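Trainee: Take this structure, written in structure tokens, and hold onto it; I'll ask about it next.
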Ligand code: PRP
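Below, the structure written as structure tokens:
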């Protein structure tokens, strides 16, 4: 009998790509995975349980040990330092973190405001640049901030660039490339090493022929 394993999956735009990758790696997935709104799904024959979490929360479930492994964006891992192992770069959901704003605008000399869903990433980036900024934390639609005068710059994810373009914003700097990662709870990794390593190996094989 295989060891029981719980996998935290990110809901939303990463989900489909992540499911496709797991499927290619030969994991048996719940039949209702694609169109269910259930938050916990099981494949009993395989002793597998999936929990569907907000992408920002996946690492929390894994760190707390209620999920053994999970799929989390590098952006989230950069924002919140978590006590988890990063096992594999899954090379899906490619995008990057960037600084953007209205075109041809300089940042004010005194306390320019920067809006972001990633306050820690944003503040360490500007600190490294030697610029003092005030960070305003938002939870989404970050591009609104410069358009409506809430902030001079934003730090956000750029994927296709469509949101920036359609809202008349430009990119000022690239901060970091982002892809999804397979993460593990350190204790689970020790206790369930065989099962986790098998999944890592299968995924690594799929990834190696992906590009
Ligand atoms: C993300 C990100 C940008 C957009 C970038 O937002 O925050 O707004 O996607 O994608 P693009 O370059 O392909 O346009 P998301 O749609 O996840 O929603 P949010 O605004 O609620 O964060």
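Residue numbers (my numbering): 102 to 312. Even glycine gets a Cβ: it sits at the ideal position worked out from N, Cα and C. Since we're looking at a predicted model, the values are computed, not measured.
Going residue by residue through the region 106-174, where are the continuous alpha helix (DSSP H) segments of at least 4 residues, counting only ones entirely within it?
Mentor: With a minimum length of 4 residues, the continuous alpha helix (DSSP H) runs that stay inside the region 106-174 are 116-125 and 159-165.
Trainee: If I follow the unbroken beta strand (DSSP E) through residue 283, where does it start and stop?
Mentor: Here the beta strand (DSSP E) through residue 283 covers 281-285.
Trainee: Collect the residues with a C-beta less than 5 Å away from any heavy atom of the ligand PRP and give them in sequence order along the chain.
Mentor: Having a Cβ closer than 5 Å to some heavy atom of the ligand PRP are 241, 242, 257, 258, 259, 260, 261, 262, 263 and 264.
Trainee: Can we count residue 159 as close to the ligand SAM, meaning its CB is less than 7 Å from some heavy atom?
Mentor: Absent from the structure shown: the ligand SAM. Ligands present: the ligand PRP.
Trainee: Please name the residue, chosen from 134, 195 and 228, that lies closest to residue 115 on a Cα-to-Cα basis.
Mentor: The residue with the shortest Cα to Cα distance from residue 115 is 195.
Trainee: Among 238, 143, 247 and 256, whose alpha-carbon lies nearest the alpha-carbon of residue 106?
Mentor: Nearest option by C-alpha distance: 143.
Trainee: Is the distance from the Cβ of residue 122 to the Cβ of residue 307 below 8 Å?
Mentor: Yes, Cβ-Cβ distance for residue 122 and residue 307 is below 8 Å.
Trainee: Specify the secondary structure class of residue 310 as computed by DSSP and reduced to three states.
Mentor: Coil at residue 310, not helix or strand.
Trainee: Label residue 110 either buried or exposed according to how many other C-beta atoms from any shown protein chain fall within 10 Å of its C-beta, with 16 as the threshold for buried.
Mentor: The residue is buried, with at least 16 neighbouring Cβ atoms inside 10 Å.
Trainee: Considering just the uninterrupted stretch of the alpha helix (DSSP H) at residue 253, what are its terminal residues?
Mentor: No alpha helix (DSSP H) contains residue 253, which DSSP labels as neither H nor E.
Trainee: Is DSSP giving residue 189 helix, strand or coil here?
Mentor: Three-state DSSP puts residue 189 in a strand.
Trainee: When the Cα atoms are used, what is the spatial distance from residue 150 to residue 140?
Mentor: So the alpha carbons of these two residues sit roughly 10 Å apart.
Trainee: Which word fits residue 249, buried or exposed, when buried means at least 16 other C-beta atoms lie within 10 angstroms of its C-beta?
Mentor: Residue 249 should be labelled exposed.
Trainee: Kindly confirm or deny that the region 163-173 and the region 285-293 touch, where touching means at least three C-beta pairs closer than 8 Å.
Mentor: The region 163-173 vs the region 285-293: in contact.
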